[in-house]
Amino acid sequence: MSHYRTFTAHDAVAYAQQFGGLADPASLVEAQEVGDGNLNLVFKIFDTQGVSRIIVKQALPYVRCVGESWPLTLDRARLEAQTLVEHYKHCPQHTVKIQHYDAELAVMVMEDLSSHRIWRGELISGVYYPQAASQLGEYLAQTLFHTSDFYLHPHEKKAQVARFINPEMCEITEDLFFNDPYQIHERNNYPAELEPEVAALRDDAQLKTAVAALKHRFFSHAEALLHGDIHSGSIFVADGSLKAIDAEFGYFGPVGFDVGTAIGNLLLNYCGLPGQLGIREAASGRDQRLADIVELWNTFAERFQWLAREKTRDAALAFPGYASEFLKKVWADAIGFAGTELIRRSVGLSHVADIDTIQDKEMKLSCLRHAIELGKALIVLAPRIDSADELVARVRQYG
Ligand code: SR1
Ligand code: MG
Numbered sequence: 001m002s003h004y005r006t007f008t009a010h011d012a013v014a015y016a017q018q019f020g021g022l023a024d025p026a027s028l029v030e031a032q033e034v035g036d037g038n039l040n041l042v043f044k045i046f047d048t049q050g051v052s053r054i055i056v057k058q059a060l061p062y063v064r065c066v067g068e069s070w071p072l073t074l075d076r077a078r079l080e081a082q083t084l085v086e087h088y089k090h091c092p093q094h095t096v097k098i099q100h101y102d103a104e105l106a107v108m109v110m111e112d113l114s115s116h117r118i119w120r121g122e123l124i125s126g127v128y129y130p131q132a133a134s135q136l137g138e139y140l141a142q143t144l145f146h147t148s149d150f151y152l153h154p155h156e157k158k159a160q161v162a163r164f165i166n167p168e169m170c171e172i173t174e175d176l177f178f179n180d181p182y183q184i185h186e187r188n189n190y191p192a193e194l195e196p197e198v199a200a201l202r203d204d205a206q207l208k209t210a211v212a213a214l215k216h217r218f219f220s221h222a223e224a225l226l227h228g229d230i231h232s233g234s235i236f237v238a239d240g241s242l243k244a245i246d247a248e249f250g251y252f253g254p255v256g257f258d259v260g261t262a263i264g265n266l267l268l269n270y271c272g273l274p275g276q277l278g279i280r281e282a283a284s285g286r287d288q289r290l291a292d293i294v295e296l297w298n299t300f301a302e303r304f305q306w307l308a309r310e311k312t313r314d315a316a317l318a319f320p321g322y323a324s325e326f327l328k329k330v331w332a333d334a335i336g337f338a339g340t341e342l343i344r345r346s347v348g349l350s351h352v353a354d355i356d357t358i359q360d361k362e363m364k365l366s367c368l369r370h371a372i373e374l375g376k377a378l379i380v381l382a383p384r385i386d387s388a389d390e391l392v393a394r395v396r397q398y399g
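Just so we're aligned, residue 1 is where the sequence shown starts under full-length UniProt numbering, counting upward by one.
As structure tokens, this is what we get:
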């Protein structure tokens, strides 16, 4: 029988004392629940000096932002911990360190990142971290290359695919990214003024065909162990440092999904900045976002190709020029997936603060329309956008 119970603050402190791996566990005295995401409980554990020393995170048996009416597998805690442990092996400098996890309690103890800040908040406030984009490109290249068929022995790869089967979390993505925005659904959430734009999504056959192809790839292309939800709210930054957290959507899927989610969230910030900072003040932040996207892709592609040259173990995949052919497909997928992220964060269940917190109603509507139109364009034009520079030109064309 499962010994799952929902942690109180007191439980979290006791757990951190036992499993936090600290030299002075008795100094841990207090916990504060700080979870502001959609799904889980997150406790900061403080010592007698009031310093936050370690994090205890527990999955709830339902979707926190919706309530008990939407039950959700506790196995996501195991999948999150194991994904982060795998990613840490290949990219420790950009992955949060998991100290301990317990699949039955659906709980994990992890490194405290209080010296860092959530990247999304910083992007919204206009605080620039010049190394963040290339660090994210490095994280994606290291984690995705080392969990792909380029690097893993075929037996090991297949065992890993089985270990990371994540049907319930994938179903959330399958529904929220690829179904809900393109049909009438009670989970959708958008202002009534946007009904014409949203109805147009439902009526656009070319768009829906391209979305179907993206969903099909999400279903079936087990290319690498993805983070699965690598948006700017799943990333901590500090001067010269970047750490990925929150990998409960981890599974073996198409490499372009992680790259596209990351790019899509930078574009959501691009769309929201005029509403956050004012039109004139937003201009330099928007230029930075586009430069970030180019930097992210260039770092990712260069590092992936370098790893492919140096470390590919499969004889056929090592053939010169194959990795760069593969990356062309990843790029096209990424643009398409970025487009689906723009649309689902504008009309679907789960929004982003980059646009949601805009106070001026007309400005918010204009930013939402921008995100929807840009998302549509990226999904449909993805096969014809051949380079990062061309992507930048297309984005500028849409406002
Ligand atoms: C019901 S979960 C909604 C969204 O929150 C997560 O962060 C994922 O992005 C998911 O799609
Ligand atoms: Mg998350």
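In this text, a Cβ means the ideal position worked out from N, Cα and C, and glycines have one as well.
Item: Heavy atom of the ligand MG within 8 Å of Gly321 beta-carbon; Value: no
Item: Close Cβ partners of His146 (< 6 Å) along its chain, the five nearest in sequence each way excluded; Value: His90
Item: Burial state of Phe218 (16 or more Cβ within 10 Å); Value: buried
Item: Pick from Thr357, Ser350, Arg396 that is closest to Val66, judged by C-alpha positions; Value: Ser350
Item: Beta-bridge partners of Arg280, as assigned by DSSP; Value: Partner(s): none; Arg280 has no beta bridge.
Item: Distance CB(Phe236)-CB(Leu378) smaller than 9 Å; Value: no
Item: Terminal residues of the beta strand (DSSP E) in which Val237 lies; Value: 235-238
Item: Where the beta strand (DSSP E) containing Ala200 begins and where it ends; Value: Premise fails: Ala200 lies in the alpha helix (DSSP H), 195-202, not in any beta strand (DSSP E).
Item: Neighbourhood of Val29 by C-beta distance below 6 Å, restricted to the same chain and skipping five residues each side; Value: Thr48
Item: beta-carbon Cys170 near the ligand SR1 non-hydrogen atom, thresh 8 Å; Value: no
Item: Beta-carbon contacts of Val347 that lie in its chain and below 6 Å, excluding the five residues immediately before and after; Value: Pro181, Asn188, Tyr190, Val198
Item: Cut-off 6 Å between Cβ atoms - residues of its own chain near Leu144, not counting five sequence neighbours on either side; Value: Ala224, Val255
Item: Segment contact, 8 Å Cβ cut-off, at least three pairs: the segment 352-368 with the segment 306-324; Value: no
Item: Simplified DSSP assignment, three categories, for Ile54; Value: strand
Item: beta-carbon Phe178 near the ligand MG non-hydrogen atom, thresh 8 Å; Value: no
Item: Sequence-distant residues of the same chain with beta carbon closer than 6 Å to His153, five excluded per side; Value: none
Item: Distance CB(Leu327)-CB(Gln305) smaller than 9 Å; Value: yes
Item: Outcome for Trp297 when other beta-carbon atoms lying within 10 angstroms are tallied against a minimum of 16; Value: buried
Item: The ligand MG heavy atom lying under 8 Å from the CB of Leu39; Value: yes
Item: Buried versus exposed, by CB contacts within 10 Å (16 or more), Pro274; Value: buried
Item: Residues near Arg286 in its chain [Cβ-Cβ closer than 7 Å; skip 5 each side]; Value: Tyr270, Leu273
Item: Boundaries of the beta strand (DSSP E) in which Asp102 is found, first to last residue; Value: 98-102
Item: Cα-Cα separation, Asn78 to Phe252; Value: The sequence given here places Arg at residue 78; Asn does not occur at that position. If you take the alpha carbons of Arg78 and Phe252, they lie about 15 Å apart.
Item: Residues sharing a beta bridge with Met108, DSSP; Value: Lys57, Tyr101
Item: Opening and closing residue of the beta strand (DSSP E) in which residue 402 lies; Value: Any answer about residue 402 is impossible in this case: the structure gives the chain only from 1 up to 399.
Item: Reference Pro71, options Ile98, Ala210, Leu39, closest by Cα; Value: Leu39
Item: Sufficient close CB pairs (3 or more, under 8 Å) joining the segment 236-248 to the segment 91-98; Value: yes
Item: Beta-carbon contacts of Cys170 that lie in its chain and below 6 Å, excluding the five residues immediately before and after; Value: Tyr251
Item: DSSP three-state assignment for Arg187, whether helix, strand or coil; Value: coil
Item: Near the ligand MG: Gly233 beta-carbon under 8 Å from a heavy atom; Value: yes
Item: Check: Thr173 C-beta below 8 Å from any heavy atom of the ligand SR1; Value: yes
Item: Whole-number beta carbon distance between Ala323 and Pro383, since they are thought to touch under 8 Å; Value: About 20 Å separates the two Cβ atoms, so there is no contact after all.
Item: Inter-residue spacing [alpha-carbon to alpha-carbon] between Thr209 and Leu267; Value: 23 Å
Item: The alpha helix (DSSP H) enclosing Tyr322, as first and last residue numbers; Value: 322-347
Item: DSSP bridge partner residues for Asn38 (one or two, in chain order); Value: BP columns for Asn38 are empty, so no partner.
Item: Lys44 and Ala31 closer than 9 Å at C-beta; Value: yes
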